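Student:
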Amino acid sequence: MELRYEFSEEEFLNLCLKNLNREYSTVAEDLYETLRNFLNTPSLLSVFDVKHRYKQEFYDEHLSLREYINRGRLTLPYVEFELSCSKDIDLEVTAINLPTFIHLGSHKYGGGVTQRYKIKNSKLKTKSKSSINLLSVEFPHALLKKLNSLVTPVEFLLPSKLGVWEWRQTFYNKISGHSYFCSCFKDALEKDEQGLTVIHPHIENALIKRSFRDSICHLCTEKNSDLMFCHKMYGSAFKVKYGAYIRKYEIQEGIDEKEAENRVRDLKGVARIGERWINETLLFNYIQVLFPQYTVQREASPYWLERQRYDIFIPELDLAIEYQGQQHYVAVELFGGKEGLQTTKQRDKEKLQRSKENGIDIIYFNYKDNLTEKLVHSRLSNYLKDK
Numbered sequence: 000m001e002l003r004y005e006f007s008e009e010e011f012l013n014l015c016l017k018n019l020n021r022e023y024s025t026v027a028e029d030l031y032e033t034l035r036n037f038l039n040t041p042s043l044l045s046v047f048d049v050k051h052r053y054k055q056e057f058y059d060e061h062l063s064l065r066e067y068i069n070r071g072r073l074t075l076p077y078v079e080f081e082l083s084c085s086k087d088i089d090l091e092v093t094a095i096n097l098p099t100f101i102h103l104g105s106h107k108y109g110g111g112v113t114q115r116y117k118i119k120n121s122k123l124k125t126k127s128k129s130s131i132n133l134l135s136v137e138f139p140h141a142l143l144k145k146l147n148s149l150v151t152p153v154e155f156l157l158p159s160k161l162g163v164w165e166w167r168q169t170f171y172n173k174i175s176g177h178s179y180f181c182s183c184f185k186d187a188l189e190k191d192e193q194g195l196t197v198i199h200p201h202i203e204n205a206l207i208k209r210s211f212r213d214s215i216c217h218l219c220t221e222k223n224s225d226l227m228f229c230h231k232m233y234g235s236a237f238k239v240k241y242g243a244y245i246r247k248y249e250i251q252e253g254i255d256e257k258e259a260e261n262r263v264r265d266l267k268g269v270a271r272i273g274e275r276w277i278n279e280t281l282l283f284n285y286i287q288v289l290f291p292q293y294t295v296q297r298e299a300s301p302y303w304l305e306r307q308r309y310d311i312f313i314p315e316l317d318l319a320i321e322y323q324g325q326q327h328y329v330a331v332e333l334f335g336g337k338e339g340l341q342t343t344k345q346r347d348k349e350k351l352q353r354s355k356e357n358g359i360d361i362i363y364f365n366y367k368d369n370l371t372e373k374l375v376h377s378r379l380s381n382y383l384k385d386k
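What the sequence shown shows, in numbering that gives the first Met the number 0, is residues 0 to 386, in sequence order.
#1: Kindly provide the ranges of any beta strand (DSSP E) runs that are 3 or more residues long and lie completely inside the segment 317 to 344, ordered along the chain.
#2: Applying the 10 Å Cβ sphere with the 16-neighbour rule, what's the burial state of THR33?
#3: Any contact between the segment 12 to 31 and the segment 150 to 164? By contact I mean 3 or more CB pairs, one from each, below 8 Å.
#4: The ligand NAD and SER83: does the residue's C-beta get closer than 8 Å to at least one heavy atom of that ligand?
#5: To which residues of the same chain is LYS119 closer than 6 Å at the C-beta, ignoring the five residues directly before and after it?
#6: Is ILE286 close to chain D? Criterion is C-beta to C-beta, closer than 9 Å.
#7: With distances taken Cα to Cα, identify the nearest neighbour of PHE283 among GLY268, TYR53, VAL239.
#8: Between which two residues does the alpha helix (DSSP H) containing ASP255 stretch?
#9: Identify the residues that DSSP records as bridge partners of VAL49: which are they?
#10: Identify whether GLN91 lies in helix, strand or coil by the three-state DSSP scheme.
#11: Using the Cα positions of HIS217 and SER224, report the straight-line distance between them to the nearest angstrom.
#12: Can you tell me which residues form a DSSP beta bridge with SER178?
#13: My parser needs the beta strand (DSSP E) runs of 3 or more residues fully inside the segment 107 to 148; what are they?
#14: DSSP on PHE237, reduced to helix/strand/coil?
#15: I need the DSSP call for ASP225, collapsed to helix, strand or coil.
#16: Leaving out five residues before and five after HIS106 in sequence, what residues of the same chain have Cβ atoms less than 8 Å from its Cβ?
#17: According to DSSP, is ILE215 helix, strand or coil?
#18: Under DSSP, the beta strand (DSSP E) around LEU2 begins and ends at which residues?
#19: State the DSSP-derived secondary structure class of ALA299, mapped to helix, strand or coil.
#20: State the DSSP-derived secondary structure class of TYR31, mapped to helix, strand or coil.
#21: Go ahead and label LYS373 buried or exposed: buried means 16 or more other beta carbons lie within 10 angstroms of its beta carbon, across all protein chains shown.
#22: Can you give me the C-alpha to C-alpha distance between LYS393 and LYS190, rounded to a whole angstrom?
#23: Helix, strand or coil: which one does DSSP assign to LEU64?
#24: Round the Cβ separation of PHE237 and ARG264 to the nearest angstrom and send it over; I've been treating them as touching at under 8 Å.
#25: Here's the rule: buried if 16 or more other CB atoms are within 10 angstroms of the residue's CB, otherwise exposed. What is PHE57?
#26: In three-state terms, what does DSSP make of THR74?
#27: How would you write the range of the beta strand (DSSP E) that ASN365 sits in, first residue to last?
#28: Compute the beta-carbon to beta-carbon distance between SER159 and TYR171, rounded to the nearest angstrom, for a pair I have assumed lies under 8 Å.
#29: Given a threshold of 16 other Cβ atoms within 10 Å of its Cβ, counted over all protein chains shown, does ASP29 qualify as buried or as exposed?
#30: Work out the CA separation of PHE37 and VAL46 for me, nearest whole Å.
#31: Does LYS386 come out as helix, strand or coil in the three-state DSSP assignment?
#32: When you compare only the Cα positions, how much space is there between VAL295 and ILE320?
#33: Quick one: what does DSSP say ASP59 is sitting in, helix, strand or coil?
#34: Apart from the five residues just before and just after LYS386, which ones in its own chain have a Cβ nearer than 6 Å to its Cβ?
#35: If you drop the 5 nearest sequence neighbours on each side, which residues of the same chain put their C-beta closer than 7 Å to that of GLY361?
#36: Could you tell me if GLN287 is buried or exposed, where buried requires 16 or more neighbouring beta carbons within 10 angstroms of its beta carbon?
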């Protein structure tokens with residue numbers, strides 16, 4: 000059977016326009032989310048579940064709408080999704096048909112074979128399933144130009160993803176492509192004598208136009224960075240995300256890398272290199288650094304905990320983090336002695352039970368732990384696999 004989609008160009012553009020107004024998403028993310036929405040509803044087929052897989056972090060070039068127009072297209076490689084429907088439906092998909100304003104690019108294989116998609120159909124006890132991989136989805140120049148003619152200009156800026164070891168961090172408008180340095184980079188840029196030979200177009204444009212804006216970087220705005228300055232095998236998790244700012248301080252102040260990193264750590268409120276963490280605040284700040292793309296809440300009280308709280312809670316990951324002081328293990332007079340210890344243990348037991356019932360994992364740290372970045376990484380390793 001042919002899996003056919005019949006959404007109109009107008010419907011597609013209208014949802015694109017809505018998504019493009021999102022403040023923290025890229026153009027590629029906005030168009031993928033639009034496509035994903037329509038892939039959920041094929042024509043003449045009753046589907047009860049759709050699962051999507053797309054490695055945005057690998058394929059997103061973080062360019063503006065104007066830059067994609069100048070290139071002539073925006074391409075999403077390897078768009079995967081899985082459709083499930085009733086076991087009584089004979090789901091034998093053999094072809095995919097998208098509206099003509101979206102193109103399916105083809106891949107060439109040996110022996111002159113070309114493919115635009117891969118399909119695997121499965122008949123299970125409880126459902127029929129079809130797993131589909133669109134090898135290359137292309138939004139052509141004409142569609143992007145129409146989108147650009149309709150879109151409302153935005154003022155917010157996104158951090159450019161510039162590649163490893165590039166410290167000259169820029170921020171760009173995702174519609175117009177205009178790029179800027181934060182004003183706090185002026186001194187370092189003037190002193191820089193070893194600029195990297197490979198120049199990203201956002202850096203090139205900002206250098207040519209001497210484009211600066213006040214208070215737009217992660218340090219000035221006090222926002223958490225999701226940049227990747229280097230691979231984690233070449234530096235700490237902190238350096239991976241804040242390496243551009245560390246290098247900026249090295250150049251600006253004429254100091255070594257360790258001192259520069261400690262200055263940036265001070266600004267972010269995390270422990271200096273090699274220092275033992277001494278309170279929950281440092282743990283909270285560091286977990287914010289590790290999970291910049293998620294909401295990290297402190298002293299959170301979801302409804303199922305009633306009057307209890309999690310020390311740290313990341314709702315999107317169903318993850319709670321608890322720092323347990325001495326009073327959770329031994330009688331401490333300040334916390335009610337033996338009676339207080341029994342009360343605390345009972346509350347901890349209730350909190351764990353309520354968390355399990357609501358699908359929440361709890362990771363524990365206690366007062367005996369030597370709280371280091373290595374320990375935190377080890378305890379949270381299952382949640383950092385894709386970081």
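Note that beta-carbon positions come from the ideal geometry of N, C-alpha and C, so glycine has one too.
These numbers come from a predicted model, not from an experiment.
Tutor: In this structure, then:
#1: Contiguous beta strand (DSSP E) elements confined to the segment 317 to 344 occur at 318 to 323, taking only those with 3 or more residues.
#2: Counting Cβ neighbours within 10 Å, THR33 comes out buried, since at least 16 surround it.
#3: Because the criterion of three Cβ pairs below 8 Å is met, the segment 12 to 31 and the segment 150 to 164 touch.
#4: The ligand NAD is not part of this structure, which contains no ligands at all.
#5: Here LYS119 has SER130 as same chain residues with Cβ atoms under 6 Å from its own Cβ, once five neighbours each way along the sequence are excluded.
#6: The displayed structure is made up of one protein chain only, and chain D is not part of it.
#7: When the alpha-carbon of PHE283 is set against those of GLY268, TYR53, VAL239, the nearest one is in GLY268.
#8: Unbroken run through ASP255: none, as it is neither H nor E.
#9: Answer is LEU82, bridged to VAL49.
#10: In the sequence as displayed, the identity of residue 91 is Glu instead of Gln. Of the three classes helix, strand and coil, the one that applies to GLU91 here is coil, per DSSP.
#11: Taking the straight line joining both Cα atoms gives about 6 Å.
#12: Beta-bridge pairing by DSSP links SER178 to TYR171.
#13: Residue ranges of uninterrupted beta strand (DSSP E) with 3 or more members, entirely inside the segment 107 to 148 and ordered along the chain, are 116 to 122, 126 to 139.
#14: Under the three-state reduction of DSSP output, PHE237 falls in the helix class.
#15: DSSP, read as helix, strand or coil, puts ASP225 in coil.
#16: THR113, GLN114, ARG115, LEU134, SER135.
#17: Looking at ILE215 - three-state DSSP - the assignment turns out to be coil, as it is neither helix nor strand.
#18: Its beta strand (DSSP E) spans residues 1 to 3.
#19: Residue state, collapsed to three classes: strand.
#20: DSSP, read as helix, strand or coil, puts TYR31 in helix.
#21: Exposed.
#22: The structure shown does not extend to residue 393, since the chain spans only 0 to 386, so no value can be given for it.
#23: Three-state DSSP puts LEU64 in a helix.
#24: Going by Cβ atoms, the distance from PHE237 to ARG264 rounds to 7 Å, so yes, they are a contact pair.
#25: Exposed, by the Cβ-count rule.
#26: DSSP places THR74 in the strand class (E or B) of the three-state scheme.
#27: For ASN365, the enclosing beta strand (DSSP E) stretches over residues 360 to 365.
#28: That belief holds up - the Cβ atoms of SER159 and TYR171 are roughly 5 Å apart, short of 8 Å.
#29: Counting Cβ neighbours within 10 Å, ASP29 comes out buried, since at least 16 surround it.
#30: Distance between the alpha carbons of VAL46 and PHE37 is about 13 Å.
#31: Summary for LYS386: the model assigns pLDDT 47, below 50, so the residue's position carries little reliability; its value from the coordinates is reported in the next sentence. LYS386 sits in coil when the DSSP states are folded into three classes, being neither helix nor strand.
#32: Their Cα atoms are separated by approximately 10 Å.
#33: ASP59: coil per DSSP, three-state reduction.
#34: Interpretation of LYS386 is limited by its pLDDT of 47, a score under 50 that renders its predicted location unreliable; the figure taken from the coordinates is listed afterwards. Excluding the 5 residues flanking it on each side, LYS386 has no same chain C-beta neighbour closer than 6 Å.
#35: The question names Gly, yet the displayed sequence has Ile at residue 361. Around ILE361, the same chain offers ALA319, GLU321, LEU351, SER354 as residues with beta carbons nearer than 7 Å, after the five sequence neighbours per side are excluded.
#36: With 16 or more other Cβ atoms within 10 Å, it is buried.
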